[in-house]
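As they're listed, the protein sequences go chains B and E. Residue numbers for the first sequence follow the working numbering, so the first one is 1 and each next one is one higher. Residue numbers for the second sequence follow the working numbering, so the first one is 1001 and each next one is one higher. Working notes, structure below.
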Amino acid sequence: MTMLSTVLRNLVSGPVTTAYPHAPAELPEGNRGRVVWDMSKCTLCGLCAKRCPTLAVSVDRKAGTVELQVFRCIACGVCAEVCPQGAIEARPEYSAPGYVKEVRTYRKEATAQEKEVVIE
Amino acid sequence: MAVTTLIPFGPQHPVFLEPLNIQLKLDEETVVGAEINYGYNHRGMERAMAADFRRTIYMCERVCGICSFFHSSTYCRGMEEIFGIEAPERARHIRIVMMECQRLTSHLLALGHTAEAMGYESLFMQCFREREAIMALANRVTGNRVHYSLNTIGGVRRDITAEQKAEMLKAMDALEDRFAPLAKVFRTDRTIRRRTVGKGVLSRADALSYGAVGPVGRASGIGQDLRQTCYHGLDFRPIVRDEGDSYARTMVRVDETFQSIGLIRKALETMPDGPLTVPAKGNPSGESFTRQEAPRGEVMYYIKAQGKVELERLKVKTPAFVNVAALSAMVPGCEVADIPVITVSVDPCICCTER
C-alpha cells in the first residue's frame, strides 16, 4: 500500500523513456562519444597514437593516414586533449552497435605545395 | 544437523548479475552450511594494469562497471603520493562530488536489485528511474555515463562550471523529493519487512572475524567509514545499525543515499576556486598504499613504481571479496527461499572481486 501514491502518479504521467533510436537521443554538449580527426589541421605527429590508453589509434606517416579502431576506443578524450594542433574532436554521439569491428581511416590530402611538386 | 542435500546456487542464476557459485548444504529446507566458490570472471587485470602507469588511469576504471570512479580516484591518489604532489583543493572537491554521485547510482542499483530479488518489480523500476537521472547528470558534467575518465594524476581533467553546479543542486533537490516515498516503502512495506527482518544475520563478532566492510560491516555495528578521514572539512558521520540482518543492510543503503545527497550539496557549496591539476612529469619510483570508501566498502590500491613506464606491482583489494565471504556466516539457519534476498543484500560485485 505504501507504493500506491507513486503508482497512481505514474498512471497519470507520461512515459519517461524515449523511442531511441527512432527519436534522437538526448545527449549533452559535453558528451564525448565519437572521436573525429580534422585532417586539414593534422600534422601526423603521432602523439594521439602514443597516448591512447587502448592502442586504438595508429598513425602511418608514409601513407598519410590515421586509423581508428572504433570498437577499441573507450572515448576517454585523451587524444583530443594532447593534440598540439587541436585537430581531434570528441563529439556527442552514442556509438552504434555493428556487425563488424569498424575501422575508420582518415586520409591526409596533399597540400597545395606538395601538389605543385607532383605537377612539375 | 545432518546434511541431506547439496544444492549448487549459481554460477548462472536469475538473481545474480554476475557469476558466483554457492554450494548450499541443506537439511530439508534449512540451510546448514555454505561454501563459496569464486573464479568465473578472472580477467588478469592487475598484470595488464602494471604495463603503463599513465594508461592505467583509464584502465583501472574498467575493473568495475559500477564504482569505476572510486578505482581511478584511489589509483590517482596513490600515484600522486609517489610523485610527491597533492591534488589542488578544487580537484579534491570535484572528486568528492563525482564519487558521491557514483555512490548514489550504486546504492540505487543495489536497492533496486534487492527489490527485484523479492519480486517487487515496480519498486525496482522506480529505483532505476531515479538512478537514470543521476547517470544523465554525470554524463552532462563529465562526458560519460559510467566510466567518467575524469581523473588524472595530479587532479581532474574537467571543471564543474557555475551552471553545472546549479544544475547539480537542482537535481539533488529533485532526487531527494522523489526518493523519499521510495525510502518509506523500503522502511515500512510489509512485504519487504517480512522478507528481510531477521534474515541473514551477521553478528558483530562474525563481521569482525570476516573483516566485513562498507554497508555490510556498518549494518553489523562496525562504525568504520573511510570518508571520516578522506572527507575532512565536510563533517561526516557514518551510519551504523546494530541488527546485522538484510533489513539493516538495506536501510544503511537507504540512509546513505540521503547522506550522499547532503555531502554533494556541502562539497559543491564549499568548493574553492583554483587550479584543477598540478603537473606530474617523468617516471617516478617508490611505493604507496591508498584506501578509499567505495559504495561497497573500502577499496585498496598498493602501487610499486620503479622509475619506468611499467609498474613493478599493482595490487587491488576490493570490498566485495570480503563481504561475499561473510555470506557463509549469514546463511546457516535460514530457508532456501531467503538465499536470493540475503545474497543480494550483500551487494556482491564479482567483476571487482576477480578482476
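Ideal Cβ positions, reconstructed from N, Cα and C, are used throughout, including at glycine.
Practice problem: Please list, in chain order, all residues of the same chain as residue 1078 of chain E whose beta carbon is under 7 Å from its beta carbon, the five residues on each side excluded. | Solution: 1288, 1290, 1301 and 1303
Quiz item: Does the distance from the CB of residue 1270 of chain E to the CB of residue 1299 of chain E come in under 7 Å?
Solution: no
Practice problem: Give the single residue among B:60, B:5, B:40 and B:64 whose Cα lies nearest to the Cα of residue 88 of chain B. | Solution: B:40
Quiz item: Is the distance from the Cβ of residue 1315 of chain E to the Cβ of residue 1283 of chain E below 7 Å?
Solution: no
Quiz item: Of all the CB atoms in chain E, is at least one closer than 7 Å to the CB of residue 76 of chain B?
Solution: Chain E places a beta carbon closer than 7 Å to that of residue 76 of chain B, counting this residue as a contact.
Quiz item: Taking one C-beta from the stretch 1113-1128 of chain E and one from the stretch 1264-1280 of chain E each time, how about it: are there three or more such pairs within less than 8 Å?
Solution: no
Quiz item: For residue 1102 of chain E, is the classification buried or exposed, using 16 other Cβ atoms within 10 angstroms of its Cβ as the cut-off for buried?
Solution: buried
Practice problem: Output yes if chain B places a C-beta closer than 7 Å to the C-beta of residue 1283 of chain E; else output no. | Solution: no
Quiz item: Are residue 1114 of chain E and residue 2 of chain B touching if we call contact CB-CB under 7 Å?
Solution: For residue 1114 of chain E and residue 2 of chain B, no; Cβs fall outside 7 Å.
Quiz item: At a CB-CB cut-off below 7 Å, which residues of chain B make contact with residue 1140 of chain E?
Solution: 28 and 30
Practice problem: Look up residue 43 of chain B in the DSSP assignment and say whether it is helix, strand or coil. | Solution: coil
Exercise. Please decide whether residue 17 of chain B counts as near chain E, where near means a Cβ-Cβ distance under 7 Å.
Key: Taking Cβ atoms only, chain E never reaches closer than 7 Å to residue 17 of chain B, which makes this a no.
Quiz item: Under a CB-based cut-off of 7 Å, is residue 1156 of chain E close to chain D?
Solution: No chain D appears in the structure shown, which is made up of the protein chains B and E.
Quiz item: Which term fits residue 20 of chain B, buried or exposed, when burial requires 16 or more other beta carbons within 10 angstroms of its beta carbon?
Solution: exposed
Quiz item: Sorted by chain position, which residues of the same chain lie with C-beta nearer than 8 Å to residue 1312 of chain E's C-beta, five sequence neighbours on each side aside?
Solution: Excluding sequence neighbours, residue 1312 of chain E sits near 1050, 1304, 1305 and 1306.
Quiz item: Which residues in chain B sit within 9 Å of residue 1277 of chain E, going by Cβ to Cβ distance?
Solution: None at all; the shortest Cβ gap to chain B is about 11 Å.
Self-check item: Chain-ordered neighbours of residue 1185 of chain E on chain B, where CB pairs are closer than 7 Å
Solution: Here the neighbours are 2 and 3.
Quiz item: What residues are listed by DSSP as bridge partners for residue 58 of chain B?
Solution: B:67
Quiz item: What are the uninterrupted segments assigned as alpha helix (DSSP H) that are 4 or more residues long and contained completely in the stretch 1246-1272 of chain E, given in chain order?
Solution: 1246-1269
Self-check item: With 16 other Cβ atoms within 10 Å as the buried cut-off, status of residue 1141 of chain E
Solution: buried
Quiz item: If you count every other CB in all the chains shown that lies within 10 Å of the CB of residue 1155 of chain E, and 16 or more means buried, which is it?
Solution: In summary, residue 1155 of chain E is buried, with 16 or more beta-carbon neighbours lying within 10 Å of its beta-carbon over all protein chains present.
Self-check item: Under 8 Å by beta carbon: chain B residues contacting residue 1058 of chain E
Solution: 53, 54, 74, 76 and 78
Quiz item: So what does DSSP say about residue 1221 of chain E, is it helix, strand or coil?
Solution: The answer is coil: DSSP assigns residue 1221 of chain E none of H, G, I, E or B.
Quiz prompt | Candidates E:1059, E:1007 and E:1274: closest to residue 1161 of chain E by CA position | solution = E:1274
Quiz prompt | Residue range of the unbroken beta strand (DSSP E) whose run includes residue 87 of chain B | solution = No beta strand (DSSP E) contains residue 87 of chain B, which DSSP labels as neither H nor E.
Quiz item: Does any C-beta atom of chain E lie closer than 7 Å to the C-beta of residue 105 of chain B?
Solution: No, residue 105 of chain B does not count as interfacial toward chain E.
Exercise. Could you tell me which chain E residues have their CB closer than 8 Å to the CB of residue 81 of chain B, listed as they occur along the chain?
Key: 1157
Quiz prompt | Of the listed residues E:1091, E:1233 and E:1153, nearest to residue 1084 of chain E (C-alpha basis) | solution = E:1153
Quiz item: Any C-beta of chain E sitting closer than 7 Å to the C-beta of residue 43 of chain B?
Solution: no
Practice problem: May I ask which residues mark the beginning and end of the alpha helix (DSSP H) holding residue 20 of chain B? | Solution: Looking at the DSSP string, residue 20 of chain B is not in any alpha helix (DSSP H), and its letter there is neither H nor E.
Quiz item: Which residues in the same chain have their Cβ closer than 8 Å to the Cβ of residue 120 of chain B, if we skip the five residues on either side of it in sequence?
Solution: Model confidence at residue 120 of chain B stands at a pLDDT of 48, short of 50, so the residue's coordinates are unreliable and nothing is read from them.
Quiz prompt | DSSP state of residue 1287 of chain E mapped onto helix, strand, coil | solution = strand
Quiz item: In three-state DSSP terms, what is residue 1338 of chain E?
Solution: helix
Quiz item: Is residue 1088 of chain E close to chain B, meaning its C-beta is less than 7 Å from at least one C-beta of that chain?
Solution: Against chain B, the CB of residue 1088 of chain E has no partner CB under 7 Å away; the residue lies outside that interface.
Self-check item: residue 1007 of chain E classed as buried or exposed, judged by whether at least 16 other C-beta atoms fall within 10 angstroms
Solution: exposed
Quiz prompt | Contact list for residue 1149 of chain E against chain B, beta-carbon separation under 7 Å | solution = 76 and 77
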